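Residue numbers (my numbering): 481 to 810.
Backbone N, C-alpha and C define an ideal beta-carbon position, used for all residues, glycine too.
The structure displayed is predicted, hence computed values, not measured ones.
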Ligand SMILES: O=C(CO)COP(=O)(O)O
Ligand SMILES: O=C[C@H](O)COP(=O)(O)O
Ligand SMILES: [Zn+2]
Ligand SMILES: [Zn+2]
């Protein structure tokens, strides 16, 4: 049993309070390997942004939970070495059981998500409450979820969005005691958030997806004023990455994300954590494909993972400075 405090990590409490007051959102970036972690920390140090390092169940399986935990501990030191001690949260993304959340808390995570949104309402409440009781005894913060995002999530496929029902949120947050609430207002995971048929085209033929349901967000904010809201599935799917990937041998189709303007709007509301993973995957894949295609003689992983890391850092700096508004808040 190790407390996150011994590792130099922080929970989300203060960060969310300041983010709501200051009308910005904290970036929650997923990491699975060294290069991703380096890019996240380098970008957030350079732009002086607080950061949430997210670990999914898939990441734990891929990279080993212990290694990831030590990497997060190393990230705190790495930031200082780069010249600025930013607040770092180590967060479990989409925890699906009490045992998994407990495991993470016991090994030094400072924040966990328990995603009971796929269960019937009362089961979601009971599971979330159980995690909150254990987490709060260790000063760890908890994110719960109401509403289901369309698409694949936690190995469950939902054909349609089930939007969060504003009339449920007061009951859910008071009975569970969660510190933040993930909601469903039209975002989804992955790089194919909308089909072209759901979009309109602007004068240049660029596909414009339907807007997020900000009316639902506003209704939720009225019900629980000042309560921290989380947006999953918030990648924007930059078309330049999709084009580079496809130019150098990829076959991504109908890749459409959430326009940045809408994320800026969300960040200025009670949304104080914005989850981004797919954009980072696209940035790395574009860079790796370009190197492998244009320099066929290269076989040193540093020669393609290095440029991938550089591109990722650039992307994350853009997010903190131009989209989430978290730059300068650390
Ligand atoms: O919500 C996410 C992680 O929990 C990531 O969402 P994206 O797939 O839109 O990056
Ligand atoms: O919520 C999904 C995140 O992007 C993590 O994805 P993953 O489960 O493939 O690691
Ligand atoms: Zn969910
Ligand atoms: Zn998610």
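DSSP beta-bridge partners of residue i
i, result
"residue 534", "510, 571"
"residue 624", "661"
"residue 630", "668"
"residue 593", "623"
"residue 799", "Bridge partners of residue 799: none, in fact."
"residue 756", "509"
"residue 709", "661, 751"
"residue 736", "672"
"residue 642", "628"
"residue 681", "687"
"residue 482", "Answer is none; residue 482 lacks a bridge partner."
"residue 636", "633"
Whole-angstrom C-beta distance between residue j and residue i, which should lie under 8 Å
i, j, result
"residue 532", "residue 571", "5 Å"
"residue 818", "residue 586", "Given a span of 481 to 810 for the chain in the structure shown, any question on residue 818 remains unanswerable."
"residue 781", "residue 771", "Contact doesn't hold; Cβ gap of about 10 Å is too wide."
"residue 739", "residue 689", "7 Å"
"residue 721", "residue 763", "6 Å"
"residue 789", "residue 730", "Incorrect: roughly 19 Å between the Cβ atoms, too far for contact."
"residue 568", "residue 490", "7 Å"
"residue 588", "residue 549", "5 Å"
"residue 753", "residue 660", "6 Å"
"residue 483", "residue 618", "7 Å"
Inter-residue spacing [alpha-carbon to alpha-carbon] between residue i and residue j
i, j, result
"residue 518", "residue 703", "39 Å"
"residue 642", "residue 665", "8 Å"
"residue 774", "residue 728", "9 Å"
"residue 732", "residue 616", "43 Å"
"residue 694", "residue 778", "48 Å"
"residue 599", "residue 648", "15 Å"
"residue 747", "residue 622", "20 Å"
"residue 717", "residue 758", "7 Å"
"residue 493", "residue 751", "14 Å"
"residue 791", "residue 741", "22 Å"
"residue 803", "residue 756", "12 Å"
"residue 745", "residue 691", "11 Å"
"residue 514", "residue 797", "18 Å"
"residue 556", "residue 678", "43 Å"
"residue 579", "residue 793", "34 Å"
"residue 577", "residue 488", "26 Å"
"residue 537", "residue 593", "11 Å"
"residue 562", "residue 602", "47 Å"
"residue 591", "residue 638", "26 Å"
"residue 627", "residue 645", "7 Å"
"residue 783", "residue 711", "35 Å"
"residue 699", "residue 723", "38 Å"
"residue 652", "residue 610", "13 Å"
"residue 662", "residue 685", "33 Å"
"residue 545", "residue 560", "24 Å"
"residue 614", "residue 743", "33 Å"
"residue 671", "residue 719", "11 Å"
"residue 523", "residue 566", "11 Å"
"residue 485", "residue 496", "18 Å"
"residue 808", "residue 547", "30 Å"
"residue 785", "residue 620", "34 Å"
Neighbourhood of residue i by C-beta distance below 8 Å, restricted to the same chain and skipping five residues each side
i, result
"residue 564", "525, 528, 810"
"residue 676", "687, 734, 736"
"residue 553", "487, 488, 489, 588"
"residue 655", "605, 609"
7 Å Cβ shell around residue i - same chain, five flanking residues per side excluded
i, result
"residue 806", "504, 505, 506, 507, 529, 530, 800"
"residue 749", "697, 701"
"residue 795", "759, 760, 763"
"residue 512", "539, 542, 543"
"residue 658", "608, 612, 622, 623, 624"
"residue 636", "598"
"residue 640", "630"
"residue 650", "703, 704"
Contact set for residue i: own chain, Cβ-Cβ below 6 Å, skip 5 residues either direction
i, result
"residue 680", "688"
"residue 725", "732, 765, 766, 769"
"residue 596", "604, 607, 608"
"residue 534", "508, 510, 571, 573"
"residue 713", "629, 667, 668, 669"
"residue 558", "521"
"residue 551", "517"
"residue 674", "689, 736"
"residue 584", "572, 592"
Distance cut-off 6 Å: residue i Cβ against heavy atoms of ligand 6
i, result
"residue 627", "Although ligand 6 was asked about, the structure shown includes only ligand 1, ligand 2, ligand 3 and ligand 4 as ligands."
ask   = Does the segment 485-502 come close enough to the segment 700-716 that 3 or more CB-CB pairs lie under 8 Å?
value = yes
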